[in-house]
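If you're matching positions, the sequence shown starts at 1 in UniProt numbering and goes up one per residue.
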Amino acid sequence: MTPERQRIAAEALQSNAIFKALASFGDFYDFVVSVFRKGFTRRFQFREFVSQAWFITTVSFWPALLVAIPFCVVIIFQVNQLLIEIGAVDLAGAGAAVAVVREIGPIVSVLVVAGAGATAICADLGSRKIREEIDAMTTLGIDPVQRLVVPRVVASTLVGIALNGLVTVVGLVGGYFFSVVLQGATPGLYLNDLTLLVGLSDFIAAEAKAAVFGLLAGLTACYLGLNAKGGPKGVGEAVNQTVVFAFMLLFAANSVISTLFLQLKSGA
């Protein structure tokens, strides 16, 4: 094959959608390895971490509350309706705990972290990228991953854990109000049955889920933000991609973690 034909074949291969997807996945994997390698060094940017943790908290706190209340209440209300039909409304506490602790808390956390926190991170880094601040840092010998990415990923992970705890408390309190006040459950039995089907291991698993969700959302946002191209339009596209890719990764991770946890728990 002549060099010209080899060049044409290479260009055709690089323009293939599957090849691009595999190349992007490889780049993302290399980025993740770099973040983990540089995250366990003594040069951790603590002040940047505190700043980013506060920033992500401010953009995620109220959305988490506003999403958690209706989301938890609707699910618990539907579960209680089923319990009422079979004459077991006093098991409302057990149903609420299973729904909120195992699934609703982590899911709401992922929705907020990916929809609010991760998009804000991506927009910030994308803006720095198109203003060539990232290139300037590299020229000055400052590693953008060490300086900017690692603190944001750690902050996103810890905020995800905190949001899960917040959503769990709000969901159980809201479930108590709807179950006892509106659907006739016994207050004492509601509180007593909270630990009937759910224990400390379930809450730890939910917190682990939230940590993984926050980690994946932070990694996705930072990767897409640092690779934004094409001016402000490119930043907007990167933000949109952050939401889509983060949701895909997080729901896939949720399925895997839930399956593994239930298998381990049933086998214990």
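We treat Cβ as the ideally placed atom computed from N, Cα and C, and that holds for glycine.
Here the structure is a predicted model, which means the values were calculated and not measured.
Residue i versus residue j - alpha carbon distance
i      : j      : result
GLY199 : LYS233 : 48 Å
VAL159 : ALA246 : 16 Å
SER109 : VAL244 : 16 Å
TYR190 : ILE84  : 14 Å
ASP135 : ILE142 : 10 Å
GLY105 : GLN146 : 31 Å
ALA21  : THR220 : Caution is warranted here: a pLDDT of 45 is assigned to ALA21, below 50, making its placement in the model unreliable, and the coordinate value is therefore given only provisionally. Taking the straight line from one Cα to the other gives about 15 Å.
VAL181 : ARG47  : 46 Å
ASP27  : PRO151 : 20 Å
VAL154 : VAL112 : 16 Å
ASP202 : LEU264 : 11 Å
GLU133 : PHE177 : 51 Å
Assigned exposure category for residue i - 16 Cβ within 10 Å defines buried
i           : result
ASN192      : exposed
residue 299 : For residue 299 there is no data in the structure shown, the boundaries of the chain being 1 and 268.
VAL173      : exposed
ILE204      : exposed
PRO187      : exposed
ASN164      : buried
GLY87       : exposed
GLY93       : buried
PRO70       : exposed
GLY230      : exposed
Span of the alpha helix (DSSP H) around residue i
i      : result
GLU132 : Unbroken run through GLU132: none, as it is neither H nor E.
GLN81  : 46-85
ALA211 : 200-226
THR195 : Premise fails: THR195 is in no alpha helix (DSSP H) and is neither H nor E.
VAL167 : 150-176
VAL181 : Counting along the chain, VAL181 falls outside any alpha helix (DSSP H), and DSSP gives it neither H nor E.
VAL108 : 105-112
ALA94  : 92-97
Whole-angstrom C-beta distance between residue j and residue i, which should lie under 8 Å
i      : j      : result
PHE31  : TYR223 : 5 Å
LEU215 : SER156 : 7 Å
ALA185 : VAL89  : 5 Å
GLU207 : ILE161 : 5 Å
LEU166 : ALA64  : 6 Å
VAL170 : ALA96  : Not really, about 12 Å apart at Cβ, beyond 8 Å.
ALA99  : VAL73  : Not really, about 11 Å apart at Cβ, beyond 8 Å.
ALA217 : ALA118 : 4 Å
LEU250 : LYS129 : LEU250 to LYS129, Cβ: 24 Å. No contact.
GLY126 : ALA238 : 5 Å
ILE76  : GLY175 : 4 Å
VAL35  : ALA123 : Contact doesn't hold; Cβ gap of about 19 Å is too wide.
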